[in-house]
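The listed protein sequences derive, respectively, from chains D, R and G. Residue numbers for the first sequence follow our numbering, so the first one is 22 and each next one is one higher. Residue numbers for the second sequence follow our numbering, so the first one is 355 and each next one is one higher. Residue numbers for the third sequence follow our numbering, so the first one is 317 and each next one is one higher. Written below as structure tokens is the structure these notes are about.
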Amino acid sequence: MTKKVPVTISSKRLRREFVKKVKELSGQNLQLCYQCGMCTGSCPATANMDISPRRIIELARLGLEEEIAGSRTVWTCASCLACTVNCPRGFDLSKVMEAIRLLTLRKNIDHVRPEDIPPQERCDLPQTAMVSGLRKFTG
Amino acid sequence: MSAKQTKKKSATRAVKPRTKKPAATAVKEEKKIAAKLIPIYIMGKRYEVPEGLTIMKAMEYAGYILIRGCGCRGGTCGACGTVYRKPGDYKLQVALACQKTVEPDMYIAQIPFFPANRATYEFAGLTAAPEEVFKLYPELFRCVACNSCTKACPQGIEVMDAVSALKQGNIAGAAQLSFDCIQCGLCTSRCFGELAQYHMFQLARRTYGARIVPRAEHLAEMVKAVNEGRYDRFLDELKQAKEDELKKVYQEREVEPMAAGEDWKPKDTRYL
Amino acid sequence: MSLAYYPGCTLKTKARNLEEPAVASMEALGFKLDEIPRWNCCGAVYSLADDDLIHQVAPVRNLIRVKKQGKTELVTLCAFCLNSLKRANLLMRQDVEKRNTLNDFIDEGIDYSGEVKVVHLLEVLRDEVGWEALSQKVKLPLRGLKAAPYYGCTLLRPREIAIDDVENPTILGDFLKAVGASPVDFPESTRCCGSYQVVSSPGDIAEYARPILNSALSHGAEALVLTCPLCDYNLGRGQKELAKKQGGFREMPLLYFTQLLALALGLSPRVCHFDLNHGSPESLLKERNLLPQGESVQLIGGQQ
């Protein structure tokens, strides 16, 4: 269940480099979002997220990198593209989520280690799961 | 490098007798009989080495004593994996130092060892299922099919295809494709996904040989026959034979011709 | 008629129950699914980063193999593969700079600029066989089977690669009608099953499955018809966990559309490998008399 997050907006906390990198990696114009919440409404994973997709976009364009880093939202995203397809402004949230994940992964900080997946699951999981999981969660 | 150090000489040159001579003349003499020298760069430093030497011999000529990255010297142990480049060419080339002869201006570096993840397992407890590989080497799924491994293989193996076979659960395919693998590790050193391909292939080949390939029936029959003593009498005869008898038997032995068909039989059929 | 076919890694092992009935059915319909030579893993997911090229290499290389064969259409059966291959194909068609860089890097001898068309088997059934023609070939109409068509995400999103309408797809429902079943439309038919989250947060999978299964059940479905092996795994695993967590949760049989196709065309259930399904359909199929007399589903212990 996503919750309200009190946020202090100040120029001291705005990480311009972060905003720039997110824009570059995602190729999206973060200013397009007008916070309508269609994305959150169509997201199947909000039950597992602490900050909603809509709020992530707002935090991203304000450059509030620490708040995003402390949240599990981008790692709970399943790239199902429901948000992208429903956004009335044609804004691709899935790419912004990927960009934020990559900013961590490309620092050689993985979200999942293959050896932490239980051995029986490595046998049972379809290959599509192993390939896509390792692509999204390891650098 | 000592003036008395012997060098590899071309087979067509007469070998001049070596006598003790003052250093200056000895050097001049060496230049007269030396093969043409070409420049190569070992770990960035320039050396002049005789043309026609292998990379390994050239490194030793240059004074390096190889205690690692050197093994069979015959192209099968995989210890001397080497990468090199030529000036002006972005392409990275690979070779085995004991097999490849030096080329002018080669920039070489040896990769005698590259850290590679090797899973611990009891082979006896594994089945022939591809899931065993998935379990032991989950990083297999990090492969992005970039083909860097294939480009890095000095044996010309289609490494990417063999990894692909593993992902598809085709153990036999991976075993067959990786047959020529000598475990040099160059593929692992270049892998984008940080896979240890050669360890995975070794598991595939072991599984293939032990659990998938059908047993050779005629071999089992032969072993049974030997153990039952069918050849004991003949072996005893040979053991008791005198030296000239043995020599005669050996010289008159019949050898199966190279082009023999399935139905070829020797003249002496006692041993069949 | 021969169709260039890309199976994907999963269909060769875990999802033989998706592929084998498909190959057999298409043969019965006069089509040969010809596997392209030397195919490699497509990468499963399309890389969403603007600067990422290395992850496009895998799907593009497969498309080059199709082009080398002289074929212009590639049929795929795995939903992930469809998504990955089709998006990569679009990239090669639309982005000149990336296309050139990729062609330079991929040393397969020829350049590729999106000449091949990537389609899903459902599209082949709709466009090249036709629902009418398919109905006429049906030997065992699946009458009385109230099956809910479940699309998942990768066949319909993003819009550029969707095989049908994104909001209101009908292709799987039309297929079910053509084979004589009664499709049960339900609102969550395009809701994601959790996808690769099963790798990092397997505990979340039950909550992905719950709204999908509840919605299908409440609309009167007695089985879910799937197109993707990961959906099969996630929904199967999710519903088992839900059944453990809350008593009375009814587990649903999970079927692939290709298994229904094979049954409807009168092929032997052996080709369907029902024992590999993560939500066993045996009792339901028996109840509806959809398993030919004397044939039974071989179950692997524990798969009930």
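In this text, a Cβ means the ideal position worked out from N, Cα and C, and glycines have one as well.
Considering Cα atoms alone, identify which of R:424, R:581, R:579 and R:548 is closest to residue 465 of chain R. R:424
query: Counting contacts by CB-CB distance shorter than 7 Å, is residue 156 of chain D in contact with chain G?
result: yes
For residue 552 of chain R, does the count of other Cβ atoms within 10 angstroms reach 16, so buried, or fall short, so exposed?
buried
* **residue 130 of chain D - containing alpha helix (DSSP H), residue span** => Run containing residue 130 of chain D: none; DSSP gives neither H nor E here.
Discussion item. Considering only their Cβ atoms, is the gap separating residue 579 of chain G from residue 623 of chain G smaller than 7 Å?
Written reply: Here chain G has residues from 317 to 620 only, and residue 623 of chain G is not among them.
**Report entry** Endpoints, beta strand (DSSP E) assigned at residue 434 of chain G
**Finding:** 433-436
(request) Count the other C-beta atoms from every protein chain shown that fall within 10 angstroms of the C-beta of residue 708 of chain G, then say buried if there are 16 or more, exposed otherwise. (result) Because chain G here runs from 317 to 620, residue 708 of chain G falls outside it and cannot be looked at.
Item to complete: Please compile the residues from chain R whose C-beta is within a distance smaller than 9 Å of the C-beta of residue 357 of chain G.
Response: 495, 497, 498, 499, 517, 518, 521 and 522
*Bridge partner(s) assigned by DSSP for residue 572 of chain G*: G:542
Open item on the list: Determine, for residue 149 of chain D, whether the minimum Cβ-Cβ distance to residues of chain G falls below 7 Å.
Closed with: yes
Along the beta strand (DSSP E) that carries residue 350 of chain G, what are the first and last residues, could you check?
-> 348-351
Open item on the list: Rounded to the nearest angstrom, what separates residue 563 of chain G and residue 557 of chain G at their Cα positions?
Closed with: 11 Å
* With a cut-off of 8 Å, do at least 3 Cβ pairs link the segment 476-488 of chain R to the segment 395-412 of chain R? -> no
Inset, instruction - With DSSP as the reference, label residue 448 of chain R as helix, strand or coil. - result: strand
**Prompt:** Run through DSSP, which three-state label would residue 375 of chain G get?
**Reply:** helix
*Go through its chain and collect everything with a Cβ distance to residue 325 of chain G's Cβ below 6 Å, but skip five positions before and after it.*
357
Interface partners of residue 397 of chain R on chain G, CB under 8 Å | Residues of chain G passing the Cβ test: none, with the nearest at roughly 28 Å.
message: Would residue 133 of chain D and residue 516 of chain G qualify as a contact pair, given that the criterion is a beta-carbon distance under 7 Å?
response: yes
Exercise for review: Take residue 391 of chain R and list the residues in its own chain whose beta-carbon comes closer than 8 Å to its own, dropping the five residues that flank it on each side.
Suggested key: 402, 403, 404 and 405
Discussion item. To the nearest angstrom, how far is the alpha carbon of residue 585 of chain R from that of residue 621 of chain R?
Written reply: 18 Å
Would the segment 412-427 of chain G count as touching the segment 523-542 of chain G if we require 3 or more Cβ pairs under 8 Å? no
Going by alpha carbons, who is nearest to residue 587 of chain G out of G:568, G:599, G:602 and G:607? G:607
Inset, instruction - Determine the burial state of residue 533 of chain R: buried for a count of at least 16 other Cβ atoms within 10 Å of its Cβ, exposed for fewer. - result: exposed
Simplified DSSP state of residue 394 of chain R, which is helix, strand or coil = strand
Worksheet entry | Residues of the segment 62-91 of chain D whose Cβ lies closer than 7 Å to any Cβ of chain G, in chain order | 65, 68 and 69
Handout entry: Interface partners of residue 325 of chain G on chain R, CB under 7 Å
Key = 521 and 522
Going by C-alpha to C-alpha distance, which of G:585, G:489 and G:456 sits closest to residue 505 of chain G? G:489
Rounded to whole angstroms, what's the CA-CA distance from residue 410 of chain G to residue 426 of chain R? Just pull it up for me.
53 Å
inquiry  = Helix, strand or coil for residue 533 of chain G? Go by DSSP, reduced to three states.
reply    = helix
Could you tell me which residues DSSP puts in a beta bridge with residue 435 of chain R?
-> R:450
key: Alpha-carbon spacing of residue 373 of chain G relative to residue 562 of chain R, whole angstroms   = 30 Å
Residue interval of the alpha helix (DSSP H) (run including residue 148 of chain D):
148-158
Practice item. Determine which residues share a DSSP beta bridge with residue 498 of chain G and list them. Key: G:462
**Q.** First and last residue of the uninterrupted beta strand (DSSP E) at residue 401 of chain R
**A.** 399-404
- Query: Quick one: what does DSSP say residue 561 of chain R is sitting in, helix, strand or coil?
  - Reply: helix
- prompt: How about residue 372 of chain G: is its C-beta nearer than 7 Å to some C-beta of chain D?
  reply: no
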